[in-house]
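If you're matching positions, the sequence shown starts at 1 in UniProt numbering and goes up one per residue.
We put the CB at the ideal spot given by N, CA and C, even for glycine.
Remarks on the structure that follows.
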Amino acid sequence: MTKNIAIIGASGYTGAELIRLIATHPDLEIAALAANSKAGQRMDQVFPHLRHLDLPKLVTWEEIDFSAIDLCFCALPHKTSQEVIRELPKHLKIVDLSADFRLRDPEAYAKWYGNPHAATEMQKEAVYGLTEFYRDEITAARLVAGTGCNAATGQYMIRPLISAGVIGLDDIILDLKCGVSGAGRSLKENLLHAELSEGTNAYSVGGTHRHLGEFDQEFSTLAGRDVRVQFTPHLLPMNRGILATAYVTGAPDEVHGALCDAYADEPFIIPLPFGETPSTHHVRGSNFCHVGVTGDRIGGRSIVVAALDNLTKGSSGQALQNANLMLGLPETQGLMLAPCFP
1 MTKNIAIIGA SGYTGAELIR LIATHPDLEI AALAANSKAG QRMDQVFPHL RHLDLPKLVT
61 WEEIDFSAID LCFCALPHKT SQEVIRELPK HLKIVDLSAD FRLRDPEAYA KWYGNPHAAT
121 EMQKEAVYGL TEFYRDEITA ARLVAGTGCN AATGQYMIRP LISAGVIGLD DIILDLKCGV
181 SGAGRSLKEN LLHAELSEGT NAYSVGGTHR HLGEFDQEFS TLAGRDVRVQ FTPHLLPMNR
241 GILATAYVTG APDEVHGALC DAYADEPFII PLPFGETPST HHVRGSNFCH VGVTGDRIGG
301 RSIVVAALDN LTKGSSGQAL QNANLMLGLP ETQGLMLAPC FP
């Protein structure tokens with residue numbers, strides 16, 4: 001039976017990516033699209049690459065009749081998202097792509113996002129949306145909080161190593177490069193072509209990046225003790241993709257073995273043969289994450305490298321993967337499209 005889907009925030013990059021993925025999903029139909037700033041427009045006016053699809057016109061989210069909607073994706077900025085979601089019908093299944101329900105502790109949310117949480121009861125209800133590690137909880141959930149794209153990448157690399165006890169916990173270094181679409185579609189001076197192209201830069205240096213809240217929460221819970229990673233993100237002049245490199249203390253063969261064991265039955269996380277490292281080119285436009293391990297010239301140290309598409313596996317693809325579980329559909333439905341190369 002076809003499930004009816006609504007997308008709130010359809011005029012952003014993650015909204016457009018959701019539409020691209022759902023367009024070939026055999027069991028989902030887009031019944032409503034909302035984008036308050038562009039209400040009344042057709043999607044092809046906002047995103048011409050979707051011109052071939054028969055899509056509903058954009059409306060305000062208040063105009064949607066949710067009585068016939070099975071699941072709603074909310075692809076709004078943080079703060080705005082919680083304010084909208086708390087007004088949605090209580091029967092509605094929701095996958096939120098913002099940061100608003102990722103952190104379980106309201107004080108942690110206020111610390112990292114600069115404002116008090118306005119829907120703390122729903123914050124308690126939300127399930128963290130890292131599919132491979134919260135599959136059972138997501139299947140039974142009404143509200144799922146999508147992870148940050150940087151946070152997802154780092155966790156795919158490091159979570160299995162913490163669980164297996166094969167790395168030191170006090171000296172994890174994570175260096176990450178992200179494409180510009182990770183900053184969203186709104187106009188920002190530093191993202192203008194003349195200011196971004198032909199260069200790169202670190203940002204949120206020194207432990208100020210908001211996704212550290214997710215690393216702190218998830219790694220510390222997993223380890224049963226306080227774990228703080230050293231994390232520096234960099235902005236690259238490419239549209240899509242994340243490439244992350246983790247430097248850890250641990251025997252390379254054990255690190256590689258732990259990742260292979262953890263992901264042996266996972267359809268989307270692919271450990272590479274030992275010594276191979278991934279490229280963003282090899283996952284572009286797909287829901288796959290490639291993870292590679294190599295040893296360092298310094299004995300007892302390992303280098304882990306992961307690549308994923310920040311808009312797909314890092315956001316909208318993950319959201320659809322979770323929606324499939326919530327709706328009782330095959331988890332991989334609509335997500336097995338091959339990466340786009342070159």
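When G168, R297, A31 are compared against I69, the one with the closest alpha-carbon: The count along the sequence shown starts at 1 and reaches residue 69 at position 69. If we check each option's Cα against that of I69, A31 comes out closest.
Beta-carbon separation (whole angstroms), R210 vs Y113, contact threshold 8 Å: Here the question's residue 210 lines up with position 210 in the sequence shown. Here the question's residue 113 lines up with position 113 in the sequence shown. The Cβ separation is near 6 Å, so the contact holds.
Inter-residue Cα distance where the pair is G148 and H52: Against the sequence shown, residue 148 aligns to sequence position 148. Against the sequence shown, residue 52 aligns to sequence position 52. Distance from the CA of G148 to the CA of H52, rounded to the nearest whole angstrom, comes to 30 Å.
Exposure label - M336; buried when at least 16 CB within 10 Å: As a working note, residue 336 is residue 336 in the sequence shown. M336 comes out exposed.
Contacting residues, own chain, Cβ-Cβ under 7 Å from D44 (five flanking each side not counted): In the sequence shown, counting from the first residue as 1, residue 44 sits at position 44. In chain order, L50, R51 place their CB closer than 7 Å to the CB of D44, counting only its own chain and leaving out the 5 sequence neighbours on each side.
F268, buried or exposed, once every other Cβ within 10 Å from all chains shown has been counted against 16: Within the sequence shown, the letter at position 268 stands for residue 268. Residue environment: F268 is assigned as buried (16 or more neighbouring CB atoms within 10 Å of its CB, all protein chains considered).
Residues bridged to Q230 [DSSP beta-bridge criterion]: Residue 230 sits at position 230 when you count from the first residue of the sequence shown. I173, per the DSSP bridge assignment.
Per-residue DSSP class, three states only, for V166: Residue 166 sits at position 166 when you count from the first residue of the sequence shown. It is coil, neither helix nor strand.
CB contact below 8 Å: K313 versus chain D: Among the chains in the structure shown there is no chain D, since it carries only a single protein chain.
Boundaries (first-last residue) of the alpha helix (DSSP H) holding P271: Translated into the one-based positions of the sequence shown, residue 271 becomes position 271. Taken as a continuous stretch (DSSP letters only), P271 belongs to no alpha helix (DSSP H), being part of the beta strand (DSSP E) at 269 to 271.
H25 versus I5, G224, R42, G15, residue with shortest Cα-Cα distance: Indexing the sequence shown from 1 puts residue 25 at position 25. Here the closest residue by C-alpha is I5.
H282 - DSSP class collapsed to helix/strand/coil: Along the sequence shown, read from residue 1 onward, the residue named residue 282 stands at position 282. The answer is helix: DSSP assigns H282 an H, G or I state.
C-alpha distance - T332 paired with N324, whole-angstrom precision: On the sequence shown, position 332 is the one that residue 332 refers to. On the sequence shown, position 324 is the one that residue 324 refers to. Cα to Cα, T332 sits roughly 8 Å from N324.
Reduced DSSP category for K3 - H, G, I as helix; E, B as strand; rest coil: For the purposes of this step, residue 3 is identified with residue 3 of the sequence shown, where counting begins at 1. Correct three-state label for K3: strand.
Nearest-angstrom Cα separation, counted from V46 out to E276: Reading the sequence shown from its first residue, position 276 is the one you call residue 276. Reading the sequence shown from its first residue, position 46 is the one you call residue 46. Taken atom to atom, the span from the alpha-carbon of E276 to that of V46 is near 40 Å.
Minimum C-alpha distance to R228 - residue among N287, S186, D171, A258: Taking the sequence shown and counting its residues from 1, the one referred to as residue 228 is at position 228. By alpha-carbon distance to R228, the top candidate from N287, S186, D171, A258 is D171.
Residue from Q318, L327, P330 whose Cα sits closest to the Cα of E17: Within the sequence shown, the letter at position 17 stands for residue 17. Looking at Q318, L327, P330, the one whose alpha-carbon comes closest to that of E17 is Q318.
Cross-strand partners of S302 (DSSP beta bridge): Mapped onto the sequence shown, residue 302 falls at position 302. DSSP output for S302 lists V248, G295 as bridge partner(s).
Inter-residue spacing [alpha-carbon to alpha-carbon] between T312 and K79: Counting from one through the sequence shown, the residue named residue 312 turns up at place 312. Counting from one through the sequence shown, the residue named residue 79 turns up at place 79. Counting only the Cα atoms, K79 lies some 22 Å from T312.
Length of the line joining the Cα atoms of P160 and E87: Locating residue 160 in the sequence shown gives position 160, where the first residue counts as 1. Locating residue 87 in the sequence shown gives position 87, where the first residue counts as 1. Those two C-alpha atoms are separated by around 37 Å.
Status (buried if at least 16 other CB within 10 Å, exposed otherwise) for I298: Position 298 of the sequence shown holds residue 298. By the C-beta density criterion, I298 is exposed, having fewer than 16 other C-beta atoms within 10 angstroms.
Through-space distance from S81 to G168, alpha-carbon basis: Within the sequence shown, residue 168 is the residue found at index 168, counting from 1. Within the sequence shown, residue 81 is the residue found at index 81, counting from 1. G168 and S81 have their C-alpha atoms roughly 37 Å apart.
Rounded Cβ spacing between L235 and A307 (contact assumed at less than 8 Å): Counting from 1 along the sequence shown, the entry for residue 235 is found at position 235. Counting from 1 along the sequence shown, the entry for residue 307 is found at position 307. Approximately 16 Å separates the beta-carbon atoms of L235 and A307; this is outside 8 Å, ruling out the contact.
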